[in-house]
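Participant: Structure below; questions to follow.
In this note's numbering, the protein residues as written are 930 to 1726.
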């Protein structure tokens, strides 16, 4: 794992001092100015380096004739004499124990790359692989109150007069996992007395038995596995304290079970792959009676087009009038937890001013203006169809504990402190969460244009004109990431002159940091990774006395499609770094003064988005030559997720297979696919029947829907895909540090697994909009909706 230079320096200083009785005092002195996360990182890395090592050092490949056999504690090393002398000196520093610090120091000093981490056993490897393949559940964090150690020892289980021999699989102060080498069944209501016979011989003064309740039991290949928890009595509590000391003393010798941390870290990375690239605009809504306010929207590059649509000519957000108190009240009358509505919108520009018109289907039917609004609105360049998914919000989800037991260190307890009062105050006004999705189908626009427009009645559309807001309190919070960062990076646009191998071009910065930046060039050369370029900043020359001059950078990443270069500064000690450091610092101060930068607010909103989302989505992974498709479980159940569950009940993974075939059909467009899937449901069948865009025309699509409706209720599912991004591993640095200490191979396996994620996709139910589009009458639309609910056994609405 990479560390900043400052953190690395502290780790190097503290590692040899770990066994010193005054280590804790020294640790506090060296880390008092650091965050709790950094302190935890340092302590875990120092502990890892002090862990006894069993790996032999073999330098024969690099130093052939110079190497000689050197044995220490039954481990055979092959090293030259200088390396042996260094090894012996380091042994004195580490109290005679061969540690990972010695192993890594010798390899680094003699320029040998250490072998990749290996699993300690096939059981550990299978557990990790099984964990990585578990269903992706957004928002799920498996939190343990205490560390659990993989430890095997013989025990006897007593239930009444029945005595059964067993072995432990893992232990913690308040629980056990037990394996019995036969098929057994126990009454869950009767406590089990567990006797640790081996421990009793070893620890004579300690009573090594306690009563446990059975939490679960299952069979695996002629064996029985039990999950047990201690009872709340004095004997069990006393034994629990003994186990706590035992785990703390031996967790460096016996491996800790960190699969819950691995699973949570994996879920976080999948969340980032999806949420930082999806196109829905998250809205946080405050409602009091008929008054509606939208204090926050969360903007990023992939959903900017939605927010930009609702910014008028003065940059004022007009979303509040789209979700008026009347419309919100109507939505909240739906009985389902997630409320759904479609809004048909168009804009009209007059005298340089942008005016918004919006209507729901029920509003158009009530005023008998469906044909006029849809037919006229579809003629306008600003024609859009939006879907709103609305639900009540649980503000408790704004805080999520890290999935590491607090017994791992005081730093975890401090990190898990609840959100601050200033953030709570900001969040207290929020009552609802909504997703605004642009589901406009440009191909289907012709169907809307078929509606007859009577020009003489156009003035009647004024009843759907939104009141123009002259000001707004809606704040756009940027919540995307810019990749793995070790320092703050801000968006900044300034002119750059670039020189590369004698060639010159002009560029503009996209974002900057003290030690790196991204630029977009006006002319693309064949830039190679690792090559050097010189940049000068004409507009910044006057910001520093004597100018800043040209600065050398190294090319770290290239994107020819967008003409973007990622660059890293070669010498960070210079005027350019100072200029960008001040810019970032001043922006931070300005945000604070404006009340926009409240520490923890972005994280709280991010947690709420993940824990409130009702979107159904999935991923395409390519671990080898073949693609495969997985669907993620959204945090909030909805009608579409209920349909997918039904499909799994009837046909297992046939739904994913059908989606996968569509992606394979057009591999070049995997990351920019927009398609609509038609399904028919009847009796015990969920049948995907067609991709609507493959029909030759709009009339044929209408005809296909009408034909399939005769067979059962229909669903139209919009599929929208986008390229996955490299997630921000800094966001799980605590989890990675913990895994690197106790399951280093699992941490590496996790990164390799995430690298196989190529594409993210969103599934949105647009059935009602499609039936409106293809001219089904309101009675038929309502009947189909009722049949859908009956099929998925959802609450009728």
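In this text, a Cβ means the ideal position worked out from N, Cα and C, and glycines have one as well.
Of the residues 1284, 1465 and 984, which one's Cα is nearest the Cα of residue 1047?
Facilitator: Among 1284, 1465 and 984, the Cα nearest to that of residue 1047 is on 984.
Participant: Since I believe residue 1652 is in contact with residue 1688 (beta carbons under 8 Å), could you give me their beta-carbon distance rounded to a whole number of angstroms?
Facilitator: At roughly 6 Å, the Cβ-Cβ gap stays under 8 Å, so residue 1688 and residue 1652 are in contact.
Participant: Counting C-beta neighbours from all protein chains within 10 Å, is the total for residue 1132 16 or more, i.e. buried, or is it exposed?
Facilitator: Exposed is the call here.
Participant: CA-CA distance, residue 1389 and residue 1257?
Facilitator: The alpha-carbon atoms of residue 1389 and residue 1257 are separated by roughly 23 Å.
Participant: For the beta strand (DSSP E) containing residue 1139, list its first residue and its last residue.
Facilitator: Residue 1139 -> beta strand (DSSP E) spans 1138 to 1149.
Participant: Does the segment 1495 to 1515 come into contact with the segment 1436 to 1443, if we say contact requires no fewer than three beta-carbon pairs (one atom in each stretch) closer than 8 Å?
Facilitator: Counting Cβ pairs under 8 Å, three or more are found: they touch.
Participant: Return the CA-CA distance between residue 1533 and residue 1200, expressed in angstroms with no decimal places.
Facilitator: Between residue 1533 and residue 1200, the C-alpha separation is close to 15 Å.
Participant: Alpha carbon to alpha carbon, how far is residue 1178 from residue 1496?
Facilitator: Roughly 46 Å separates the two Cα atoms.
Participant: Once you ignore the five residues that flank residue 1379 on each side, which residues in its own chain have a CB closer than 6 Å to its CB?
Facilitator: If we look at residue 1379 and ignore the five residues flanking it on each side, it has no Cβ neighbours.
Participant: Would residue 1624 and residue 1633 qualify as a contact pair, given that the criterion is a beta-carbon distance under 7 Å?
Facilitator: The answer is yes: Cβ separation under 7 Å.
Participant: Within this structure, are the beta carbons of residue 1318 and residue 1364 separated by less than 7 Å?
Facilitator: Yes. Within cutoff.
Participant: For residue 985, which of helix, strand or coil comes out of DSSP?
Facilitator: Residue state, collapsed to three classes: coil.
Participant: In chain order, what are the residue ranges of uninterrupted beta strand (DSSP E) at least 3 long that sit wholly in the segment 1603 to 1630?
Facilitator: Counting whole runs of 3 or more residues, the segment 1603 to 1630 contains the beta strand (DSSP E) stretches 1603 to 1611 and 1614 to 1620.
Participant: So, do the segment 1321 to 1335 and the segment 1061 to 1080 have three or more beta carbon pairs nearer to each other than 8 Å?
Facilitator: Segments in contact, yes.
Participant: With respect to the alpha helix (DSSP H) encompassing residue 1460, which residues constitute its N-terminal and C-terminal limits?
Facilitator: Here residue 1460 belongs to no alpha helix (DSSP H), and DSSP marks it neither H nor E.
Participant: Residue 1456 to residue 1683, Cα distance in whole Å?
Facilitator: Their backbone Cα atoms lie some 28 Å apart in a straight line.
Participant: Please say whether residue 1587 and residue 1576 have beta carbons closer to each other than 7 Å?
Facilitator: Taking 7 Å as the Cβ cut-off, residue 1576 and residue 1587 do not qualify as a contacting pair.
Participant: For the alpha helix (DSSP H) containing residue 1700, name the first residue and the last one.
Facilitator: Counting along the chain, the alpha helix (DSSP H) containing residue 1700 begins and ends at 1696 to 1702.
Participant: Helix, strand or coil for residue 1011? Go by DSSP, reduced to three states.
Facilitator: If DSSP states are grouped into helix, strand and coil, residue 1011 belongs with the helices.
Participant: Go ahead and label residue 1491 buried or exposed: buried means 16 or more other beta carbons lie within 10 angstroms of its beta carbon, across all protein chains shown.
Facilitator: When all chains shown are included, residue 1491 counts as exposed.
Participant: Can you list, in chain order, the stretches of the alpha helix (DSSP H) that have 4 or more residues and sit fully within the segment 1316 to 1392?
Facilitator: Entirely contained in the segment 1316 to 1392, the alpha helix (DSSP H) runs reaching 4 residues are, in chain order, 1339 to 1344, 1350 to 1356 and 1374 to 1378.
Participant: Counting only runs of 4+ residues fully inside the segment 1199 to 1241, write out the alpha helix (DSSP H) ranges in chain order.
Facilitator: The qualifying runs are 1233 to 1238.
Participant: Taking only runs of the beta strand (DSSP E) that begin and end inside the segment 1417 to 1489, which ones reach a length of at least 3 residues, in chain order?
Facilitator: The segment 1417 to 1489 contains these whole beta strand (DSSP E) runs: 1424 to 1429, 1432 to 1442, 1445 to 1450, 1461 to 1465 and 1480 to 1488.
Participant: Among all the DSSP beta bridges, which residues are the ones paired with residue 1644?
Facilitator: Bridge partners of residue 1644: 1608.
Participant: Exposed or buried, residue 1477, counting other C-beta atoms within 10 Å across all chains shown (16 or more means buried)?
Facilitator: With 16 or more Cβ atoms within 10 Å of its Cβ, residue 1477 is classed as buried.
Participant: Starting from the C-beta of residue 946, find all residues in its chain whose C-beta is less than 6 Å away, skip the five residues before and the five after it, and write them out in chain order.
Facilitator: Same-chain partners within the cutoff: 952 and 955.
Participant: Is it right to say residue 1694 is buried, meaning 16 or more other beta carbons lie within 10 angstroms of its own, or is it exposed?
Facilitator: Residue 1694 should be labelled buried.
Participant: Please give the ranges of any beta strand (DSSP E) in the segment 1061 to 1144, keeping only runs that are unbroken, at least 3 residues long and fully inside the region.
Facilitator: Taking only runs of at least 3 residues, the beta strand (DSSP E) segments lying wholly in the segment 1061 to 1144 are 1083 to 1088, 1091 to 1101, 1104 to 1109 and 1121 to 1124.
Participant: Does residue 1164 pass the burial test, meaning 16 or more other C-beta atoms within 10 Å, or should it be called exposed?
Facilitator: When all chains shown are included, residue 1164 counts as exposed.
Participant: If you drop the 5 nearest sequence neighbours on each side, which residues of the same chain put their C-beta closer than 7 Å to that of residue 1691?
Facilitator: Result list for residue 1691: 1207, 1544, 1546 and 1649, in chain order.
Participant: Counting along the chain, where does the beta strand (DSSP E) carrying residue 1717 start and finish?
Facilitator: Residue 1717 -> not in any beta strand (DSSP E); alpha helix (DSSP H) instead, spanning 1707 to 1721.
Participant: Looking at the unbroken alpha helix (DSSP H) that takes in residue 1579, where does it start and where does it end?
Facilitator: 1568 to 1580 is the extent of the alpha helix (DSSP H) around residue 1579.
Participant: Tell me the residue span of the alpha helix (DSSP H) that contains residue 1665.
Facilitator: Per DSSP, residue 1665 belongs to the alpha helix (DSSP H) from 1662 to 1671.
Participant: Given that a residue counts as buried once 16 or more other Cβ atoms are within 10 Å of its Cβ, and exposed if not, what is residue 1656?
Facilitator: Residue 1656 should be labelled buried.
Participant: In the structure shown, what three-state DSSP assignment does residue 1173 receive?
Facilitator: Helix.
Participant: Within its chain, find whatever has a CB closer than 8 Å to the CB of residue 1239; leave out the 5 residues flanking it on each side and keep chain order.
Facilitator: Here the set comprises 1246, 1247, 1248, 1251 and 1285.
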